[in-house]
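What follows is a single structure, written as structure tokens, with notes after it.
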Ligand SMILES: [Fe+2]
Ligand SMILES: [Fe+2]
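Residue numbers (the working numbering): 34 to 284.
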């Protein structure tokens, strides 16, 4: 079970060199007397990293196309060539991101149930509604990829990248010690990236002539803008209440 302390209450925290007025300066002295490594410098480390970057190869590839039989003729036309692969990669990215977004909200709902909310914070209904938005966005990507004759279960390079990028957010939300506000602070990163992702996909779809998809992406973008604004509003209210010393222990 969670403790009754708020994160901003004073507790066991031994960081900060000023707590050690004698050993602190001695350590700083020792650090400046000894070079970081007797055999290498920061420049040498950068040279090694550069070598790895040149030799390491790519971060994933697109899967080969499925048979186009069964896909609508216009979709088949639009699916040909490099442009189509760029679009399929970005569709795969949004699919992966929205799927993870549903899981993020599942985690936030658990935080809500564990510790409740605060004045100006989210209601359970809002969290559930946002979770449902993410699920609908995921479903839109599944339908879009399927209509284009692509496999929605394929992990595209951009999908893989987005999954790795989201690991920090996932760790914060799934950590049983974090509260709802701390988890929402992580979610804010996801929502801001979500807004940027839908905006980019809408622009790409428009450039490639997918009129209906462009409209669908703009509609999702409008919902993501609401998510991002709501999360920012909830966090501001939380910080203000905390600063006034009016936060209940669990929040
Ligand atoms: Fe989303
Ligand atoms: Fe969202």
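All residues carry an ideal CB built from backbone N, CA and C; glycine is no exception.
- Around the beta carbon of residue 145, 16 or more other beta carbons sit within 10 angstroms, so the residue counts as buried.
- Not one heavy atom of ligand 1 sits closer than 7 angstroms to the Cβ of residue 172.
- Counting of Cβ neighbours within 10 angstroms places residue 177 among the buried residues, the total reaching 16 or more.
- Sorting 269, 244, 268, 222 by C-alpha distance to the C-alpha of residue 257 places 222 at the top.
- Note that the C-beta distance between residue 250 and residue 262 is not below 8 angstroms.
- Assigned with DSSP and collapsed to three states, residue 48 falls in coil, not helix or strand.
- Judged by beta-carbon spacing, residue 174 lies within the 8 angstroms limit of residue 131, meaning their Cβ atoms are closer than that value.
- Judged by their CB atoms, residue 260 and residue 163 are nearer to each other than the 8 angstroms cut-off.
- Within the chosen limit of 7 angstroms, ligand 1 does not reach the beta carbon of residue 126 with any heavy atom.
- For the stretch 243–278, the continuous alpha helix (DSSP H) assignments of 4+ residues that do not extend past its boundaries occur at 244–276, in sequence order.
- Taking a contact to require three or more Cβ pairs closer than 8 angstroms, the stretch 228–246 and the stretch 116–134 qualify as touching.
- In the pairwise beta carbon analysis, the stretch 190–198 is classified as not touching the stretch 154–170: fewer than three pairs are separated by under 8 angstroms.
- Rounded to the nearest angstrom, the gap between the Cα atoms of residue 266 and residue 62 is 45 angstroms.
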